[in-house]
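Chains as they are written, first to last, in the working numbering: chain A, 3 to 564; chain B, 859 to 1106.
Where is the CB? At the ideal position from N, CA and C, for every residue including glycine.
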């Protein structure tokens, strides 16, 4: 017990003696854990806004889209309503496709005819204005955002003027631009039919049935919303029905589970970005912490000697160093968890197409445990080597504050003799500590990997942004870019911290040789330039390696997303 | 002092270096007046903390004085910019430290050639010069050894060779035998004797009277000021080790 107290006391005193270094270490680990927390918090949050929307709109368990009319339509509707387990329905509602013009913006939409009275199943929840009336349409919220319209504005559908009566959300289809994400029976042209390659960027508009029929320039399609006695069996029903389809005229059934999965698409992308980002940041944090801890260790050589001289065992010396950094890692994990948990709602917006405001992120106890474990692992991985080295240091040389013997690279010494003085000094400085140089190179490689992956994403997003109808802004891309900005900002901050820490450690280590170089006639500028060169030299191969790695990371992250 | 040396290479006037202020003021160097002639060997001796090393650092441009003047080869040193001071240290001054201060990761010859490389000399010429200097200090066969593989005396000889790399006007030695045993001290003193004979100007700071006795002039220092000066007959041109009482 006494030994534990002693370790705690020594660790606490040491932390108080060097508060700036402790803060740096805390910040570095916190940045990584906060990002990891965000990634984990987003994992389960996607379903919550959908559930709220489904409850608020009496959302259907199954949505059937039917491409027939007349007697065939009636027969198919009767068959669907007669299916065992079906307990209620809304529709069938006529559906036409329409070219929407709102100011200078043009898009293609599915226009669904509704009754002015509320429907028993899937009554879209108004977020603005009123429900449909003759000449007045209601626009799905994400689509309205992309069009830049609100209640009271005027638009045209297939050239006919309408007023925007309201804005609403629904659980019966994914929001714009992923209307067809869960399966789609509508083509962009007027004629409905089975669509083998569903178009992206379709919007949804509700209007009166009479207006919908008036818009149609060809055969109408129909939507029938069903409720089941056992909503959990919706997926099985849809699959069974889909397997039994002999030809394309039969209705297409979409379960609420498929719709929820399509809704989650946006959060899944964001989560993928955050998870990839947090691992990149984690690696960078390990490199930074390793350099920081090694630098702190170099400053404590004499203290280690004193501890040993008064009877401290090598184990005690290692334990003190480990205790310091593990305590900092625990604090950083706590702060990172808090920061990530608080920031998650800002990034887990339910999307314009869903109801409600974002709730508390679904951070579970195992998630929190994982974050803490990662923080401790980062600190442990970075501390272990310096701690063992400190424990093994001879007491006499530690008391003399002797610097750790630098590595000799004969070929570097020989080759650098031909270089200008700053390069000569810098090359030799970098070669003295190959492990630090490797860590520096790895840090830069990780940073460049992240930056290249972000740039690749932006290039890809630039192509995708034109893929929606009428060149409307894609809300999914906007959200992903917001998350990417956060990851990039943290990456940049961590890379900055890493550069500061590495430079500090190099300067610390080079104190003696720099002073000697000055005594032998090197100018202050030459010494400063030499220290800079010692930073830049390992950075070059790291940066070069980061380019293909970044492209690879983007490819892997993209392929994971399907 | 050698017969031909009568030009003053190094001169100080009212040289002062203080630390702290008011009650805590420490006068490390207090009004030193010094003239060192070309080819002269001057020994400054005194107890620990009397300001000898501080004086040497001021003379070599490693530290800046609080007041007074320092002149080296007719150029005023105390007003020089950092860059000019660096050039001066490179071209005109050679340092020999008590703790050797060799680069641990460089071999003997690489350590010796370093000042020449810093001076921008071609690597081959620097290496030739370094090899020649190592031969001069009797370490030609240790040229490829790292400092850790050399004895204390050998390390100090490497440091002396390094101090001579750029043919300095003056060599400043700070307790050059302070870390050496008697045998190694004799080796180093012989080297200084050779340098003296060759006309090299030397300022040696020491608290060992036997070392000081080998100089042309011995200056005693206490509390930052010179308190006594003795001109020695013969200087190091005689039997140095015998004079110093170190010959076995």
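Where the beta strand (DSSP E) through residue 163 of chain A begins and ends:
Taken as a continuous stretch (DSSP letters only), the beta strand (DSSP E) holding residue 163 of chain A covers 162-171.
Cα-Cα separation between residue 445 of chain A and residue 409 of chain A, rounded to whole angstroms
For the pair residue 445 of chain A and residue 409 of chain A, the Cα-to-Cα distance works out to about 21 Å.
Are any of the Cβ atoms in chain B nearer than 8 Å to that of residue 409 of chain A?
It does; some Cβ of chain B falls within 8 Å.
Would you please verify whether the beta carbon of residue 1049 of chain B is less than 8 Å from any beta carbon of chain A?
Not closer than 8 Å to any Cβ of chain A, the Cβ of residue 1049 of chain B fails to qualify, so no.
Tell me, please, whether the CB atom of residue 567 of chain A is closer than 8 Å to any CB atom in chain B?
Not covered by the structure: residue 567 of chain A. The range shown for chain A is 3 to 564.
Taking DSSP's pairing of strands, which residues face residue 130 of chain A in a bridge?
Beta-bridge pairing links residue 130 of chain A to A:169.
Please confirm if residue 563 of chain A has its CB atom under 8 Å from at least one CB of chain B.
Caution is warranted here: a pLDDT of 48 is assigned to residue 563 of chain A, below 50, making its placement in the model unreliable, and the coordinate value is therefore given only provisionally. No - not a single Cβ of chain B is within 8 Å of the one on residue 563 of chain A.
Suppose the cutoff is 8 Å on Cβ atoms and the five residues either side in sequence are ignored; what does the same chain contact list for residue 508 of chain A look like?
Excluding positions up to five away in sequence, the list reads 431, 435, 438, 533, 536, 537.
Cβ-based neighbour list, residue 914 of chain B, same chain, cut-off 6 Å, excluding 5 preceding and 5 following:
So the list reads 1030, 1032, 1063, once near-sequence residues are dropped.
Cα-Cα separation between residue 1163 of chain B and residue 1022 of chain B, rounded to whole angstroms
Since the first residue shown for chain B is 859 and the last is 1106, residue 1163 of chain B is missing from the structure and cannot be characterised.
Any beta carbon of chain A sitting closer than 8 Å to that of residue 875 of chain B?
Taking a beta-carbon distance threshold of 8 Å, residue 875 of chain B does not count as an interface residue toward chain A.
Three-state class that DSSP yields for residue 891 of chain B in the structure shown:
Strand at residue 891 of chain B.
At which residues does the alpha helix (DSSP H) containing residue 2 of chain A begin and terminate?
Residue numbering for chain A in the displayed model covers 3 to 564; residue 2 of chain A lies beyond these limits and cannot be assessed.
Would you say residue 434 of chain A lies against chain B (beta-carbon separation less than 8 Å)?
By this cut-off, residue 434 of chain A is an interface position.
Do you know whose CA, among A:39, A:123, A:160, lies nearest residue 374 of chain A's CA?
Per the Cα distances, A:39.
Compare the C-beta of residue 940 of chain B with all C-beta atoms of chain A and state if any pair is closer than 8 Å.
Taking a beta-carbon distance threshold of 8 Å, residue 940 of chain B counts as an interface residue toward chain A.
Give, in chain order, every residue of the region 508-519 of chain A whose Cβ lies closer than 9 Å to some Cβ of chain B.
Listed in sequence order: 514, 515, 517, 518, 519.
Would a C-beta distance cut-off of 8 Å place residue 414 of chain A and residue 433 of chain A closer than the cut-off?
One thing to note: residue 414 of chain A has its Cβ within 8 Å of the Cβ of residue 433 of chain A.
Between the CA atoms of residue 76 of chain A and residue 223 of chain A - distance to the nearest angstrom:
Approximately 13 Å, taken between the alpha carbons.
Considering only their Cβ atoms, is the gap separating residue 207 of chain A from residue 292 of chain A smaller than 8 Å?
Not a contact, by the Cβ cut-off of 8 Å.
Do residue 974 of chain B and residue 989 of chain B have their CB atoms nearer than 8 Å?
Contact: no.
Give a yes or no on whether the minimum CB-CB distance between residue 504 of chain A and chain B is below 8 Å.
Not a single C-beta of chain B is nearer than 8 Å to the C-beta of residue 504 of chain A.
If distances are taken between C-alpha atoms only, which option among A:97, A:397, A:127 comes closest to residue 316 of chain A?
Of the candidates A:97, A:397, A:127, the one whose C-alpha sits nearest the C-alpha of residue 316 of chain A is A:397.
Does residue 961 of chain B come within less than 8 Å of chain A when only Cβ atoms are used?
Chain A contact via Cβ: present.
Measure from the alpha carbon of residue 958 of chain B to the alpha carbon of each residue in B:1059, B:1046, B:902, then state which is nearest.
The candidate whose alpha carbon is nearest that of residue 958 of chain B is B:1046.
Of all Cβ atoms in chain A, is any one closer than 8 Å to the Cβ of residue 996 of chain B?
No, because no Cβ of chain A sits closer than 8 Å to the Cβ of residue 996 of chain B.
Give, in chain order, every residue of the region 414-433 of chain A whose Cβ lies closer than 7 Å to some Cβ of chain B.
Legend: CB atoms of the region 414-433 of chain A lying less than 7 Å from CB atoms of chain B belong to residues 415, 419, 420, 423, 426.
Determine whether the Cβ of residue 975 of chain B lies closer than 8 Å to any Cβ atom of chain A.
Chain A contact via Cβ: present.
Which residues in chain B sit within 8 Å of residue 526 of chain A, going by Cβ to Cβ distance?
Near residue 526 of chain A (Cβ distances below 8 Å), the residues of chain B are 940, 941, 944.
Give the DSSP-derived three-state secondary structure of residue 938 of chain B in the structure shown.
In this structure, residue 938 of chain B counts as coil in the three-state DSSP scheme.
List the endpoints of the continuous beta strand (DSSP E) containing residue 1083 of chain B.
Annotation: the continuous beta strand (DSSP E) that includes residue 1083 of chain B extends over 1083-1089.
Determine the direct distance from the alpha carbon of residue 16 of chain A to that of residue 308 of chain A, and round the result to whole angstroms.
Cα-Cα distance, rounded: 14 Å.
To the nearest angstrom, how far is it from the Cα of residue 948 of chain B to the Cα of residue 513 of chain A?
In a straight line, the C-alpha of residue 948 of chain B is about 19 Å away from that of residue 513 of chain A.
Just checking: is the beta-carbon of residue 981 of chain B within a distance shorter than 8 Å of some beta-carbon in chain A?
For residue 981 of chain B, at least one C-beta of chain A is nearer than 8 Å to its own C-beta.
Residues that residue 903 of chain B bridges to, as DSSP identifies them
Beta-bridge pairing links residue 903 of chain B to B:1064, B:1078.
Could you tell me which chain B residues have their CB closer than 7 Å to the CB of residue 521 of chain A, listed as they occur along the chain?
Chain order gives the chain B residues near residue 521 of chain A as 920, 947, 953, where near means a beta carbon separation below 7 Å.
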